[in-house]
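S.K.: First the structure, which I've put down as structure tokens, then a few questions once you've had a look.
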Amino acid sequence: MIILKTRHELELMREAGRISHLALMAGVKAVAPGRTTMDVNRAVHEVIVSMGAKPSFLGYAGFPASACVSVNEEVIHGIPSKHRVIREGDIVSIDTGAIYKGYHGDNAFTVAAGQTSRECRELMEVTQKCLELAIAAAQPGNRLGDIGAAVEQYALSHGFGVVREYVGHGIGDEMHQDPEVPNYGTPGHGLRLRPGMTLAIEPMINMKGDGVRSLEDGWTVVTQSGLPSAHFENTVAITENGPVILTRP
Ligand code: MG
103 MIILKTRHEL ELMREAGRIS HLALMAGVKA VAPGRTTMDV NRAVHEVIVS MGAKPSFLGY
163 AGFPASACVS VNEEVIHGIP SKHRVIREGD IVSIDTGAIY KGYHGDNAFT VAAGQTSREC
223 RELMEVTQKC LELAIAAAQP GNRLGDIGAA VEQYALSHGF GVVREYVGHG IGDEMHQDPE
283 VPNYGTPGHG LRLRPGMTLA IEPMINMKGD GVRSLEDGWT VVTQSGLPSA HFENTVAITE
343 NGPVILTRP
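Residues in the sequence shown are numbered from 103 upward in steps of one, following my numbering.
This is the structure we're talking about:
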């Protein structure tokens with residue numbers, strides 16, 4: 103069931119989104135060669151709790167941390183560890199969310215530690231652009247397929263792979279609500295977008311191929327190719343005036 107949010111609910115989600123964004127940026131700043139993925143998690147966690155919010159991810163289906171921190175070929179759901187040291191040239195995807203007065207924000211960003219390769223820079227730039235194009239397609243009256251197609255067409259035009267097994271989602275007083283928001287689709291097809299819908303749009307783009315698999319820890323998703331993947335996400339409200347990014351100050 104798709105829940106349309108009231109103006110008041112959107113205000114609460116805007117604050118949840120603002121906190122989520124500040125937490126994410128704290129995580130991004132904590133990425134550097136020699137730091138650990140647990141350092142990133144700690145930076146994220148401190149911001150969320152200091153602002154009177156709760157981490158959406160901590161304890162979600164048993165997830166043990168406040169941020170997912172996924173390095174290189176890890177696509178999503180990497181578990182922070184004090185033993186996982188970030189090295190020069192790694193690309194690090196951070197995903198985090200906050201609950202404020204019962205409402206969630208959810209956002210993700212991929213950043214390089216120090217200098218990385220030209221290929222990794224292109225992968226990150228294309229994935230970020232995929233998110234921008236997807237948000238631009240999130241207009242009232244458009245359809246879900248317009249969002250997915252925007253991501254898919256741009257990623258494929260650069261020779262990259264679009265992850266199909268994991269998708270974006272509706273969001274509100276639960277982190278995951280209907281509808282699913284795939285990063286592939288056919289323009290003009292699928293559910294019609296209406297004002298009051300709130301969506302977490304999150305392209306996950308692989309350097310090569312769309313295949314992924316889960317590790318034995320039960321969480322971490324990695325590419326089949328072993329090559330890097332990037333992930334960017336915003337929480338977006340569909341309004342009569344177009345898309346509004348909630349996870350942005
Ligand atoms: Mg999400």
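Beta carbons are placed, not taken as given, at the ideal position from N, Cα and C, and that holds for glycine.
Check whether the Cβ atoms of A210 and H333 sit closer than 8 Å, and answer yes or no.
M.R.: By 1-based counting over the sequence shown, the position of residue 210 is 108. By 1-based counting over the sequence shown, the position of residue 333 is 231. Yes.
S.K.: Does the distance between the C-beta of E282 and the nearest non-hydrogen atom of the ligand MG fall short of 7 Å?
M.R.: Position 180 of the sequence shown, counted from the first residue, corresponds to residue 282. No; taking the cut-off as 7 Å, the Cβ of E282 has no heavy atom of the ligand MG nearer than that.
S.K.: Can you give me the C-alpha to C-alpha distance between G191 and G216, rounded to a whole angstrom?
M.R.: Sequence index remark: in the sequence shown, residue 191 carries index 89 (1-based). Sequence index remark: in the sequence shown, residue 216 carries index 114 (1-based). Distance between the alpha carbons of G191 and G216: 6 Å.
S.K.: Roughly how many whole angstroms lie between the Cα atoms of A128 and G243?
M.R.: Taking the sequence shown and counting its residues from 1, one reaches residue 128 at position 26. Taking the sequence shown and counting its residues from 1, one reaches residue 243 at position 141. Going by the C-alpha atoms only, they are around 36 Å apart.
S.K.: The ligand MG and E304: does the residue's C-beta get closer than 7 Å to at least one heavy atom of that ligand?
M.R.: Reading the sequence shown from its first residue, position 202 is the one you call residue 304. At least one heavy atom of the ligand MG is nearer than 7 Å to the Cβ of E304, so yes.
S.K.: Alpha carbon to alpha carbon, what distance is there between I188 and N308?
M.R.: Working through the sequence shown from its first residue, we reach residue 308 at position 206. Working through the sequence shown from its first residue, we reach residue 188 at position 86. Going from the Cα of N308 to the Cα of I188 covers about 20 Å.
S.K.: Measure the CB-CB distance between G207 and M115 and report whether it falls below 8 Å.
M.R.: The sequence position of residue 207 within the sequence shown is 105, counting from 1. The sequence position of residue 115 within the sequence shown is 13, counting from 1. In contact: G207 and M115 (Cβ atoms closer than 8 Å).
S.K.: I'd like to check one pair, P289 with G247: are the Cβ atoms closer than 8 Å?
M.R.: Taking the first residue of the sequence shown as position 1, residue 247 is located at position 145. Taking the first residue of the sequence shown as position 1, residue 289 is located at position 187. In contact: G247 and P289 (Cβ atoms closer than 8 Å).
S.K.: Check whether the Cβ of D208 sits closer than 7 Å to any heavy atom of the ligand MG, and report yes or no.
M.R.: In the sequence shown, counting from the first residue as 1, residue 208 sits at position 106. Indeed, a heavy atom of the ligand MG lies less than 7 Å from the Cβ.
S.K.: With a CB to CB cut of under 6 Å and the five nearest residues on each side skipped, what residues in its chain are close to V253?
M.R.: Start at 1 with the first residue of the sequence shown, and residue 253 comes out as number 151. C232, A236, N285, P305, listed in sequence order.
S.K.: Nearest by alpha-carbon distance to G136: which of H271, E176, E117, K184 is it?
M.R.: On the sequence shown, position 34 is the one that residue 136 refers to. G136 has its Cα closest to that of K184, out of H271, E176, E117, K184.
S.K.: Which of the three DSSP states, helix, strand or coil, is assigned to A251?
M.R.: Here residue 251 corresponds to residue number 149 of the sequence shown, with the count starting at 1. Note: A251 maps to helix in three-state DSSP.
S.K.: Run the proximity test for H123: is its beta-carbon closer than 7 Å to any non-hydrogen atom belonging to the ligand MG?
M.R.: The residue given as residue 123 occupies position 21 in the sequence shown. Because no heavy atom of the ligand MG lies under 7 Å away, the Cβ of H123 does not count as near it: no.
S.K.: Does the structure place the region 322 to 331 close enough to the region 171 to 178 that three or more beta carbon pairs sit under 8 Å?
M.R.: Touching, yes, given that three or more Cβ pairs across the two stretches are closer than 8 Å.
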